[in-house]
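Working notes, structure below.
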Amino acid sequence: MLIYSAIASLDGYVEDEEGKFDWAAPDEDVHAFVNDLERSVGTYLYGRRMYETMVFWETAEDEQPFIRDFAEIWRAADKIVYSKTLESVSSDRTRLERDFDPDAVRQLKETAGRDTTIGGPALAAQAIRAGLVDEYHFFLVPVLVGGGKRALPDGVRKELELLDERRFASGVVFVRYRQR
């Protein structure tokens, strides 16, 4: 299964017009929930910018158990980074691909023993347009940023079915949909 997971503002952006996403930092309750979702992930698919954000977890050390837990989950998974400009990767269990190949991702989905997630809206847009995304996991943050990088691509219409939702004390709402 291929899952597109993102933290987004209520108006649908993963970062604001200045490229910032500090408003999206999950609290302990949300982070622990994310950790439980991520335990089923065997492979992360990233674009360059998302990888550069997430590679922090390769060396992250923190006294907070939920932070340590996510770092262990992340390190244990395989990572594929799609980039024409990145010269090399700096994390274990990671390979670099120059082009996103929908057929290769389809094959990965069919042979993977665990879930695969795709991170970063530009890369996810390619997978969405190719009909590869099975589920959408969104954490909606109670903030309007008014512009920036959109979580979902324009010009795509998909019928979705709500599978799950959860509200957190912080006002964050998790929604999980699958493609019909």
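Numbering (the working numbering), first residue to last: 58 to 237. Note that the Cβ used here is the ideal one computed from N, Cα and C, for glycine as well. In this text the structure is predicted, and so the values were computed from the model without any measurement.
Straight-line Cα distance separating residue j from residue i
i	j	result
G99	V91	15 Å
D119	V112	15 Å
Boundaries (first-last residue) of the alpha helix (DSSP H) holding residue i
i	result
F123	P122 to A133
F90	E85 to E95
Other residues of its chain near residue i: CB distance less than 7 Å, five sequence neighbours each side excluded
i	result
R106	G177
V87	F196, F225, S227 and V229
Heavy atom of the ligand ADP within 7 Å of residue i beta-carbon
i	result
D149	Of the ligands one can find in the structure shown there are none, so the ligand ADP has no counterpart to examine.
Where residue i sits in the DSSP three-state scheme
i	result
K77	coil
R105	helix
R155	coil
D221	strand
V190	coil
A184	helix
First through last residue of the beta strand (DSSP E) which encompasses residue i
i	result
D172	D172 to G176
R233	V230 to Q236
E115	Premise fails: E115 is in no beta strand (DSSP E) and is neither H nor E.
L59	L59 to S66
Own chain, CB closer than 8 Å to residue i, minus 5 neighbours either side, in chain order
i	result
G69	R207, A208 and L209
R186	P210 and V213
Beta-carbon proximity list for residue i, same chain, < 6 Å, skipping 5 on both sides
i	result
G205	Y70, E72, D73 and E74
V162	L189
#### Entry: Those runs of the beta strand (DSSP E) which lie wholly inside the stretch 192 to 216 and span at least 3 residues
192 to 198
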